[in-house]
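Using the numbering used here, the letters of the sequence shown correspond one by one to residues 4 to 89.
Idealized CB from N, CA, C, for every residue including glycine.
Because the structure is a prediction, the values reported are computed rather than measured.
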Amino acid sequence: MSLELRRGVLMAETEYGLALLDETSGEYWTLNPTAAVVLETVLAGGSTQQAVHALTERYDVRADRAGEDVERIVAELRSAGLLAGN
């Protein structure tokens, strides 16, 4: 998987996770710590499976549940038009 933020989307760390700003539309999104781990992992070139591993290492969560979360988070970010790549 090779994902990146779409051109015009800025990312900033917050006290509680990450914030994403679409400079074109002016819309912004806040990501909780779980979603932040997922996004940071895939943006660094990691696979969704590596994101699952990162979640299970950091939080008390089963791999199957973490896998569902990773898939949902990536799908929502894609649906919002924030990610480019495959």
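Item	Value
Please classify alanine 57 as buried or exposed, where buried requires at least 16 other C-beta atoms within 10 Å of its C-beta.	buried
How would you write the range of the alpha helix (DSSP H) that valine 77 sits in, first residue to last?	66-82
For the ligand GTP, is there any heavy atom lying closer than 8 Å to the beta carbon of valine 64?	The model depicted lacks the ligand GTP and carries no ligand whatsoever.
Please name the residue, chosen from Gly84, Glu16, Leu6, Ala66, that lies closest to valine 55 on a Cα-to-Cα basis.	Ala66
Of the choices Val64, Gln52, Val45, whose alpha-carbon is the least far from that of arginine 81?	Val45
Which same chain residues, not among the five before or five after alanine 87, have their C-beta less than 6 Å away from its C-beta?	Glu7, Arg9
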